[in-house]
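The structure appears right after this line, and notes come after that.
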Amino acid sequence: MSLFPGWRAAFRIARRDALRAKGRSALVVAMIALPVLGVTAADLTYRSALPTAAEELTADLGAADALFVDQGMGPVPLWQMPDGIMWQTPDGAPETFYDDERKPVDVPATFPKGSRSLTEQSVPASVTTRHGITDTQITELAVADPMLRGRVELTEGSYPKAKDEIAATGAFLKAAGLSVGDRVTVRGPEQEYTLTGAVELPAELKNESLFAVPGAVIAPWQKTADGDGKILPPQASGVKWLVQGPPGAGVTWPDILAANEKGVVVRARQVALDPPPDSEVPMAVYARGWTGSDTELTAAVLTVAAMALLEIVLLAGPAFAVGARRSRRQLGLVGSCGGTRGQVRAVVLAGGAVLGGVGAVVGVGAGFGLTVLFRPMIEEFSGRRFGELTVHPGEILAIAVLGLVTGVLAALAPAIVAGRQSVLESLTGRRGSRRSSRVLPVVGTVVLAVGVALAVYGGLSGNTRLVAGGSVLAELGLLGCIPVIVGFLGRLGRRLPLTPRIALRDAARNRGRTAPAVAAVMAAVAGSVAIATYTASTTAEQAYDHRPNLTAGTAALMTADTAEKTDLSRARAAVEQHYPVSGAPARVGRAWAGSDCSVYYEEEEDGCGTLEIVKPTGEGHSCPLKGRGAKELALRISADEHKRLMNSPACVDEDSTTIAFGNDDNKIVIGDTALLTSYVKLDDPEAAEALAAGTPVLLNSAYAKDGEITLRARHVYNERDKENRARHPGEPRTTTDRLKVYVAPDSYATTPGIRMVLPQKTADRLGLHSQETGSVHTLTREPTDAEQQAADAALEQAGNQAYVWTGSDDEQGDDAVVLLILALFAGVVTLGAAAITTGLSKADAEADLTTLSAVGAPPGVRRSLSGFQCLVVALTGVLLGTAAGIVPAVALRLTDLREALKVMRDDPMESAYTPIVMPWPTIALLALVVPVLAGLLAAALTGSRQKLARRGG
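For the numbering used here, count along the sequence shown from 1 and bump the result up by 1455.
Quick look at the structure:
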């Protein structure tokens, strides 16, 4: 005899009912399987992409046993941790300095006897490409040796073996436009190599570098540089040794300790995987407590998981409710045969367990399949190969159990309702009438208020756990209010046309079906809006804090060496030919007094002259956030007041300044009206007239007083500057000139690299030296890698190391992608929830549709009714979700504001700007596009013809 006879029958009935109603069953299975699929795929991807200790060692060592590194301290004792990453000098060791002379270390002498080793050394180099030239790193390493397997893998061609052969990573070949068999020249020594193969670093798929055999690049380069003083010698890194220990022994902890005594740090595989006890590690006592806490991350993950579970329950619950209603005669028969209310509930719960179990199995299986299918794409996106598909059985089992539990929870409320129905109501098909709860909305309103208060208090006090808890409470409180909100919607349809009026009244009458779907949409939209609002706010903060090196949309051509003349016209032609420029370039120059400090900079004192704009003192000139009284002021002002002061001309470049055009921190640039319009973006006829008349244009008004500036020049001539010294004999002299200037509006004080534009004739009149240093070009778009490489190659022909760089906005591509993904996710859930509700309402209201047809309603009413039912659910859920999502986002930004104010009051020059920016494009997409799209899809997919109904009774 079975211990659970009632449950056995319940499961049998549930299984047959699921097979009988295949469409509804498939819908519930899909709703449960999709989240299980996502979580399974995410778990497998995370565990597989997260490198294990063994995989990290393989990325560093390949198949070798250890990596021996001379840390440059000389043959002195060192301490290290078993992982070979952290090291230090022992207590009591004499202090060493960078320029101290150190004895060389005989690293091979520290290897265990019977070991085999490979050397590794890298050098930065400029090499030719199909498009021009580019900078990269060349590593001398015998990559063909089996000791490198796992770290460097061949993907095409063959490994380099001769000294005129080289291999490149696939990322380098793609960027350089090269392929196996092409020739590459290392510029400087002009050494040519043949590309014999393409390789990849499994742990760094996006790495762009070259590999040559030891002695193929660095030594010949050094030899060439020794014979030709015009060629710069290679700036090679220190030599590292990959070591394979004696067979069967490897490299042990005693071997490492012995190497540490000689000043060598070792990263050994078997020691890192099986470290010795702390008692044998001298440095262990200093490394304790260097681990972080992930308590807040765990709390966030649990919160997200709980809300996802709630969302699935809300989506699947109405399906079970409709299923129970359609099976009410069957459930009534169970009661008429002596079944108790508990056994009736068991039948509905068993249905949830059956469908939840099937959904869990399907979701886990599909998660495995999709992970394997998209594994190459995921690896390319993450930038590293998976060592293996890592499966944690406990986690996968927990995910499957979660799917099963979700099905049971989704069926819980319908089971309770089914158990309360009388046998007579079930057998006759009468729905009965139940008044909606008056307590639930009151409780929901109280919980909503408490949740909002907790979230705001958590934000003000800096407690992120209170923010998370309060946000969840607020959302749960809003869930309790949804039935009343849905009921209120029914009253709004009095003045509307027929189909929207029926849709609103149907939603209000069937709140048990409508409210969960609205809640599911609300939950998805709330999470997306919360993250989108926080992301948009932090993006705005980062954009405010970003200090560009050039004006966005421009490129600057400059000369790197003033000792020789550059063919600037040829360099400009190279930029105009290869870069996407528009318009004529604006020429720029620099001015200086005395000997040029960019040439005579070695002397500590009186080696060269100085030129500066003297900044007046007082209000409007001195920055109140720096100097005496700054901290007291910071304690009294708000973040908005601090932002206003930081953006004022007096403070804008007080803390840091951008030097872009070869001048020093005075930021005086010689230019004409073309520079004002193309780079400064000051399109003012008065400024242009003043500049043409010889009047300087000052961009920072804090340096002017009564429309004039004080320009102080110290004319100091170096003894090595013989030409200028002969022209200006005698003692150094200081001149101070008052110049009338055109003062630009305050908004131009933040122009990168320029404080004042000085006309050439004014510089000559003041006795200053000047030199044309380059030009500024306006770009139509960002140049590609190929265009940059081609331009660099052409610039080399101009001589004197001319170079070009671009100014662009702060990178925000990833944030835009995040916002788009969030909007798509919320949109898909909204469409799904609305479609589910529409399908359920259609199945549940077949009698109403039949009545409409019987009284002469046109066939299109069915179609438009489905569209409006879908629109009601989607629009209501989106609007409530938007309101709910703003709460945690604002609370978290309040937390950020609290921390920013704390930092600012400790250092008044630190920014406290913490904006709250609404992601209006995301909200518009969710509030306008998605509901309308849901309604149109529902209307388009609904048949307009009424099927003949069987006569009741």
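Don't be surprised by glycine CBs; every beta carbon is placed ideally from N, CA and C.
Residue i versus residue j - alpha carbon distance
i, j, result
"Trp2260", "Ala1597", "36 Å"
"Phe2323", "Ala1958", "6 Å"
"Val1976", "Leu1804", "24 Å"
"Ala2389", "Val1911", "34 Å"
"Val2196", "Pro2370", "36 Å"
"Gly2268", "Lys1717", "With a pLDDT of only 48 at Gly2268, under 50, the local geometry of the prediction cannot be trusted, and the value read off the model is given with reservation. Taking the straight line from one Cα to the other gives about 49 Å."
"Thr1753", "Gly1814", "The pLDDT assigned to Thr1753 is 48, lower than 50, so where the model puts this residue is not dependable, and the model offers no usable value."
"Leu2234", "Ala1991", "27 Å"
"Ser1457", "Ile1851", "Bear in mind that a pLDDT of 42 at Ser1457, under 50, signals an unreliable position, so the number given afterwards is only what the model happens to contain. Each residue's alpha carbon lies about 31 Å from the other."
"Glu1663", "Met2373", "39 Å"
"Ile1833", "Leu1660", "12 Å"
"Ala1465", "Thr2350", "52 Å"
"Gly1948", "Val1939", "15 Å"
"Gly1945", "Leu1953", "13 Å"
"Thr2128", "Ala2218", "16 Å"
"Pro1563", "Trp1542", "20 Å"
"Ala2018", "Ala2011", "Bear in mind that a pLDDT of 48 at Ala2018, under 50, signals an unreliable position, so the model cannot answer this."
"Pro1709", "Asn1715", "10 Å"
"Pro1675", "Asp1637", "21 Å"
"Val2328", "Pro1971", "10 Å"
"Arg1471", "Phe1823", "29 Å"
"Gly1914", "Gln2256", "53 Å"
"Ala1630", "Phe2116", "29 Å"
"Leu2326", "Ala1963", "14 Å"
"Asp2051", "Val2171", "9 Å"
"Ala1978", "Thr2377", "16 Å"
"Ile2068", "Asn2004", "21 Å"
"Ile1686", "Met1602", "35 Å"
"Val1668", "Ala1623", "12 Å"
"Arg2180", "Ser2230", "30 Å"
"Pro1567", "Phe1829", "44 Å"
"Ala2028", "Ser1581", "22 Å"
Closest by C-alpha distance to residue i, when choosing among the options
i, options, result
"Glu1575", "Asp1590, Arg1585, Ile1588 and Thr1594", "Thr1594"
"Gly2044", "Gln2215, Val1802 and Ser2133", "Gln2215"
"Leu2088", "Asp2161, Ser1692, Asp2361 and Ser2225", "Asp2361"
"Leu2367", "Glu2354, Trp2375 and Ile2378", "As written in the sequence, residue 2367 is Ala, which differs from the Leu given in the question. Ranking the options by Cα distance to Ala2367, first place goes to Glu2354."
"Val1984", "Arg1606, Val1635 and Ala2379", "Ala2379"
"Arg1502", "Pro1848, Thr2190, Gly1693 and Trp1462", "Pro1848"
"Tyr2258", "Thr2014, Ala2094, Val2054 and Pro2003", "Thr2014"
"Val1578", "Lys1616, Gly1693 and Lys1558", "Gly1693"
"Pro2040", "Gly2049, Val2030 and Ala2048", "Val2030"
"Asp1498", "Ile1673, Val2358, Gly1818 and Trp1462", "Gly1818"
"Pro1490", "Lys2160, Lys2357, Leu2100 and Ala1821", "Ala1821"
"Ala2094", "Thr1679, Glu1645, Arg2348 and Ala1509", "Arg2348"
Identified DSSP bridge partners for residue i
i, result
"His2170", "Arg2188"
"Thr1583", "Ile1588"
"Ser2230", "Leu2012 and Arg2042"
"Tyr2197", "Val2152"
"Lys1695", "Val1524 and Glu1575"
Assumed close pair residue i, residue j - CB separation to whole angstroms, cut-off 8 Å
i, j, result
"Cys2106", "Leu2090", "The Cβ separation is near 17 Å, so there is no contact."
"Ser2133", "Ala2204", "In fact, because the Cβ distance is near 19 Å, the residues do not count as touching under 8 Å."
"Glu1473", "Leu1810", "A quick correction: the sequence has Ala, not Glu, at residue 1473. The Cβ separation is near 6 Å, so the contact holds."
"Ala2474", "Leu1934", "Summary: the structure shown does not reach residue 2474, with the chain confined to residues 1456 through 2408, and so no result is reported for it."
"Glu1655", "Glu1608", "6 Å"
"Gly1605", "Thr1513", "4 Å"
"Leu2194", "Leu2166", "6 Å"
"Thr2066", "Trp2047", "Checking the sequence shown, residue 2066 turns out to be Leu, not Thr. Sure, about 6 Å apart at Cβ, within 8 Å."
The ligand PLP heavy atom lying under 6 Å from the CB of residue i
i, result
"Glu1608", "No copy of the ligand PLP occurs in the structure displayed, which carries no ligand at all."
Closer than 8 Å is the cut-off here; do at least three beta carbon pairs connect the stretch 1581-1593 with the stretch 2233-2252? Result yes; three or more Cβ-Cβ pairs closer than 8 Å.
| At least 3 beta-carbon pairs within less than 8 Å: the stretch 1709-1729 vs the stretch 1521-1531 | As far as the Cβ criterion goes, the stretch 1709-1729 touches the stretch 1521-1531, which means the pair count is three or higher.
- Message: With three or more beta-carbon pairs closer than 8 Å as the criterion, would you say the stretch 1919-1926 touches the stretch 1897-1911?
- Response: Proximity of the stretch 1919-1926 to the stretch 1897-1911 meets the contact definition, three or more beta-carbon pairs being nearer than 8 Å.
Item to check | Three CB pairs or more closer than 8 Å across the stretch 1506-1526 and the stretch 1558-1573 | outcome: These segments touch.
- Report yes or no: do the stretch 1601-1612 and the stretch 1647-1656 share at least 3 C-beta pairs separated by less than 8 Å? Yes: at least three Cβ pairs fall under 8 Å.
* To do: Indicate whether the contact test is met: 3 or more Cβ pairs, each with one atom in the stretch 1893-1904 and one in the stretch 2307-2324, closer than 8 Å.
  => Proximity of the stretch 1893-1904 to the stretch 2307-2324 falls short of the contact definition, fewer than three beta-carbon pairs being nearer than 8 Å.
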